[in-house]
Every structure is written in C-alpha cells, then in structure tokens.
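Enquirer: In my numbering, the protein residues as written are 4 to 218.
Beta carbons are placed, not taken as given, at the ideal position from N, Cα and C, and that holds for glycine.
Can you keep this structure in mind? I'll have questions shortly.
Printed below as a string of structure tokens:
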C-alpha cells in the first residue's frame, strides 16, 4: 500500500510539471535529462525517509506545524513559475539564434545543466518539494502505524518503499519526456518548439493557479 501511495504521489501535477521542465531545461545533457525524474524523487524521498525515522523513533512531534503547508505551497509556486519563465526564455533565445547572455539566469541554467552540480541541484529541488503539509502528513500517518507495530526500523523501511514508488513514477515521467523532447528535436524544430511551449505553459498555468489560490 505504501508503494502505491508513493507512486500516486509521484504523479501529482506539481511533480509532473517540474520534472517536465527540468527535462526540457537539461535536454543538452542526455543522461541528466533522462534521470531528472529519478533525481527529483530521490531528493524528495530522502526527506521522506528522514521524517519517517524521526517520527518512528519519537523524536519528532506528530503534530505538523501549520506554517509548513504555506511554505511547501510557496516552494512549489516559485519553482513552477521559475521553470515556466525559464523555458520560455530559452525557447525565445533559440528562436533568435542568440547566445544565452551572462547573468543570474545563465548562472542558474549552468548550475542545473552541469552533470555534477546539476544532479545535486535537482535533488535539492526535490527535497524542498517534500516540505509540504500533504507529504509530511502521509509520511507521519504510516510512520506512526509502523512504529506502534515494530518501532523506528519499520518506519524507515516504509519511507524507503514510499520513495521507491515515487522514483518509479517520476523516473518514468522524466524518461518519457526526455525521449519525446529528443525525438521532437530530431524530427522538427516546430514540434520541439511547440512541445517546449506546452511544458512552459503547463508550469505557468499550474503555478498561477496555485498562486491565485493562495491569494
């Protein structure tokens, strides 16, 4: 059941939108683009396992602080809008055949697309997404149940199972999007450009919807 919860969590819209955008942003690095979903869910899952161990051992209170929900939502909104605008900016630069100018945006892009720093950046983004009320509530519930039966060890094990479920669904999403983008790039620039716009639009729409909901 926990594995299924992890897989379902991996198909959340904010996960899909962010992974799609990361895969599009890192398309020049074939391996990094393919692994975007796995790296994102790895960072997400490591936080889940850590929380599971804390709850199972009794070191963490079972009451989730109210501010955490707002924090998690703002993190999601920030990255959705950032990747949406970043994707549009990249598409526009490519259309004009202009090189990417130096500045904050190019610095961020270089960090994300670099094979080493990019991997850790994606893991870090995934970890930030785990700091939400929804994720922590789910983890807390199955961790409490496990700790009652077998203590902190089972809680941690279930956290790992939850992470594997997420890695399966998020990893599949990242791989498929990466393959689709690379195929589109080879087939037609128009298709690739349209696909990029769809990914950017999805990010901006979801980010704007979440922002309006918060306001």
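1) Exposed or buried, residue 145, counting other C-beta atoms within 10 Å across all chains shown (16 or more means buried)?
2) Which whole-angstrom value is the C-beta distance of residue 204 and residue 41, which I expect to be below 8 Å?
3) Mapping the DSSP letters down to three states, classify residue 90 as helix, strand or coil.
4) The ligand MG and residue 55: does any heavy atom of the ligand fall closer than 7 Å to the residue's C-beta?
5) Exposed or buried, what is residue 35 when buried is set at 16 or more other beta-carbons lying within 10 Å of its beta-carbon?
6) Can you list, in chain order, the residues of its chain with a C-beta nearer than 7 Å to that of residue 52? Leave out the 5 residues immediately preceding and following it.
7) Where do the ends of the alpha helix (DSSP H) carrying residue 9 lie?
8) Is residue 30 helix, strand or coil by DSSP?
9) Using a Cβ-Cβ cutoff of less than 7 Å, which residues in the same chain neighbour residue 11 once the five nearest sequence positions on both sides are dropped?
10) Would you grab the beta carbon distance between residue 197 and residue 14 for me? Rounded to a whole angstrom, and I think it's under 8 Å.
11) DSSP state of residue 133, grouped into three classes?
12) Once DSSP output is grouped into helix, strand and coil, what is the label at residue 214?
13) Is the beta carbon of residue 29 sitting closer than 8 Å to the one on residue 168?
14) With distances taken Cα to Cα, identify the nearest neighbour of residue 200 among 47, 90, 43, 18.
15) Would you kindly work out how many angstroms separate the C-alpha atoms of residue 5 and residue 38, rounded to a whole number?
16) Note the first and the last residue of the continuous alpha helix (DSSP H) segment covering residue 49.
17) Select from 143, 46, 181, 122 the residue whose C-alpha is nearest the C-alpha of residue 59.
Expert: Considering the structure as presented:
1) Per the 10 Å Cβ criterion, buried.
2) For residue 204 against residue 41, the beta-carbon gap comes to about 25 Å, at or over 8 Å, which does not count as contact.
3) When secondary structure is reduced to three states using DSSP, residue 90 falls in the helix class.
4) In terms of ligand content, the structure shown is empty, and the ligand MG therefore cannot be addressed.
5) That one is buried.
6) Same-chain partners within the cutoff: 159, 162, 163, 166.
7) Start and end: 5-13.
8) It is coil, neither helix nor strand.
9) Setting aside the 5 residues that flank it on each side, residue 11 has no residue in the same chain whose C-beta is closer than 7 Å to its C-beta.
10) Contact doesn't hold; Cβ gap of about 24 Å is too wide.
11) Coil, per DSSP.
12) Correct three-state label for residue 214: helix.
13) With contacts defined by Cβ atoms closer than 8 Å, residue 29 and residue 168 do not form a contacting pair.
14) Looking at 47, 90, 43, 18, the one whose alpha-carbon comes closest to that of residue 200 is 90.
15) Residue 5 and residue 38: Cα-Cα distance of roughly 23 Å.
16) Per DSSP, residue 49 belongs to the alpha helix (DSSP H) from 39-60.
17) The residue with the shortest Cα to Cα distance from residue 59 is 143.
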